Amino acid sequence: DPKIIQKPKYLVAVTGSEKILICEQYLGHNAMYWYRQSAKKPLEFMFSYSYQKLMDNQTASSRFQPQSSKKNHLDLQITALKPDDSATYFCASSQDRGGPDTQYFGPGTRLLVL
Amino acid sequence: AQSVTQPDARVTVSEGASLQLRCKYSYSGTPYLFWYVQYPRQGLQLLLKYYSGDPVVQGVNGFEAEFIKSNSSFHLRKASVHWSDSAVYFCAVRPVNTGNYKYVFGAGTRLKVIA
């Protein structure tokens with residue numbers, strides 16, 4: 119059974135619209151993360167959460183807003199979508215934020231903005 | 045700020061041959077070091093990690109890596125590759141005890157194993 123679920127798998131959106139990417143982890147982890155991977159850039163760290171609290175934000179744009187309704191959920195809301203937002207977005211989790219804890223990655227949501 | 049360089053974007057090796065994928069990092073201290081693998085249409089999976097002790101760490105599927113502090117390197121090795129090793133490999137670093145928990149990934153090396 120998948121331990122980190124990301125929904126949807128694929129997403130097509132129009133410029134200017136808003137989408138929410140869903141992430142749920144069933145590993146009992148306390149820390150969750152979002153990454154972005156595009157053809158132009160390597161895997162890029164976006165956010166980290168620990169016990170549902172935002173700890174790190176490396177995203178310059180306020181159009182990207184993480185939302186944690188439960189400890190094992192970390193959704194990503196993206197508003198005013200642009201074609202440059204097209205990428206695969208990966209959710210990850212680890213036992214805790216500190217230490218050399220292994221990060222486990224979900225399968226990703228592939229977003230295409232037209 | 046830390047950074048990771050994987051100088052080889054693509055590597056092609058024959059099945060059964062040995063493999064080395066290079067990784068160099070830039071960081072003033074000793075970071076935590078990781079190698080991840082990404083198969084097509086999948087998320088990243090951890091191969092191995094280093095955080096202290098023996099500089100040669102063993103990972104899954106016969107992979108190992110050696111931390112050489114003097115060279116700021118953490119190259120990945122495998123004695124004999126299999127066609128199923130074809131994937132993209134990422135090296136990553138994370139600072140230790142700085143309050144900065146951000147992982148930094150290299151650009152990745154795409155490995156193709158041919159018959």
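Just so you know, the protein sequences line up as chains A and B, in that order.
Each residue of the first sequence is one higher than the one before, starting from 119 at the first, in the working numbering.
Each residue of the second sequence is one higher than the one before, starting from 45 at the first, in the working numbering.
Each residue gets a CB set at the ideal place from its N, CA and C atoms; glycine is no exception.
Since the structure is predicted, the reported quantities are computational estimates derived from the model, not experimental observations.
Would you call the region 210-222 of chain A and the region 75-93 of chain B touching, i.e. three or more CB-CB distances under 8 angstroms? Taking 8 angstroms as the limit for Cβ pairs, the verdict is that the region 75-93 of chain B does touch the region 210-222 of chain A.
Based on the DSSP output, what are the partners of residue 151 of chain A in its beta bridges? Partner(s): A:166 and A:210.
Please state whether DSSP places residue 62 of chain B in a helix, a strand or coil. Three-state DSSP puts residue 62 of chain B in coil, outside helix and strand.
Of all the options B:149, B:120 and B:62, which has the alpha carbon lying nearest to the alpha carbon of residue 127 of chain B? It is B:62.
Taking CB distances under 8 angstroms as the criterion, tell me whether residue 220 of chain A reaches chain B. Taking 8 angstroms as the threshold, the shortest C-beta distance from residue 220 of chain A to chain B falls below it.
On the CB-based measure, 16 or more other CB atoms within 10 Å of its CB, does residue 139 of chain B come out buried or exposed? It is buried - the Cβ of residue 139 of chain B has at least 16 other Cβ atoms within 10 Å.
Quick one: which unbroken beta strand (DSSP E) runs of 3-plus residues sit fully inside the region 64-146 of chain B? Chain order, please. Under the rule that a run must span 3 or more residues, the beta strand (DSSP E) segments found entirely inside the region 64-146 of chain B read 68-70, 76-82, 88-94, 100-102, 107-112, 117-122 and 131-138.
Look at the Cβ atom of residue 118 of chain B, then the Cβ atom of residue 135 of chain B, and state whether they are nearer than 8 angstroms. Against a cut-off of 8 angstroms, the Cβ pair of residue 135 of chain B and residue 118 of chain B comes out as a contact.
Judging by CA-CA distance, which residue of A:121, A:142 and A:150 is the nearest neighbour of residue 215 of chain A? Across the set A:121, A:142 and A:150, the C-alpha of A:150 shows the shortest separation from the C-alpha of residue 215 of chain A.
Please list, in chain order, the residues of the region 148-171 of chain A that have any C-beta partner in chain B closer than 7 angstroms. Cβ contacts with chain B come from 160, 161, 163 and 166.
Check the Cβ-Cβ distances between residue 134 of chain B and every residue of chain A, and say whether any is below 8 angstroms. So, interface residue.
Does DSSP put residue 174 of chain A in a helix, a strand or coil? Looking at residue 174 of chain A - three-state DSSP - the assignment turns out to be strand.
Under the rule that 16 or more other beta-carbon atoms within 10 Å means buried, what is residue 134 of chain A, buried or exposed? Result: exposed.
Show which residues of chain B have a CB atom less than 9 angstroms away from the CB atom of residue 176 of chain A. The contacting residues are 146.
Excluding the five sequence neighbours on either side, which residues of its own chain have a C-beta within less than 8 angstroms of the C-beta of residue 232 of chain A, listed in chain order? Cβ within range, chain order: 130, 131, 132, 133 and 201.
Just the C-alpha distance for residue 139 of chain A and residue 114 of chain B, rounded to the nearest angstrom, thanks. Taking the straight line joining both Cα atoms gives about 42 angstroms.
Determine the DSSP secondary structure at residue 193 of chain A, reduced to helix, strand or coil. For residue 193 of chain A, the secondary structure class from DSSP, reduced to helix, strand or coil, is strand.
Under 8 angstroms Cβ-Cβ, which residues of chain B neighbour residue 215 of chain A? Contact note: residue 215 of chain A reaches chain B through 145, using a C-beta cutoff of 8 angstroms and chain order.
Residue range of the unbroken beta strand (DSSP E) whose run includes residue 184 of chain A: For residue 184 of chain A, the enclosing beta strand (DSSP E) has its first and last residue at 182-185.
Just confirm the distance between the C-beta atoms of residue 131 of chain B and residue 50 of chain B, as a whole number of angstroms; I'd bet it's less than 8 angstroms. Contact doesn't hold; Cβ gap of about 14 angstroms is too wide.
When you compare the CB of residue 223 of chain A with every CB in chain B, is at least one pair closer than 8 angstroms? Yes - at least one Cβ of chain B is within 8 angstroms of the one on residue 223 of chain A.
Determine the burial state of residue 126 of chain A: buried for a count of at least 16 other Cβ atoms within 10 Å of its Cβ, exposed for fewer. It counts as exposed.
Leaving out the 5 sequence neighbours to the left and right, which residues in its chain are closer than 6 angstroms to residue 156 of chain B when beta-carbon positions are compared? So the list reads 56 and 130, once near-sequence residues are dropped.
Tell me where the beta strand (DSSP E) around residue 155 of chain B begins and ends. For residue 155 of chain B, the enclosing beta strand (DSSP E) stretches over residues 153-158.
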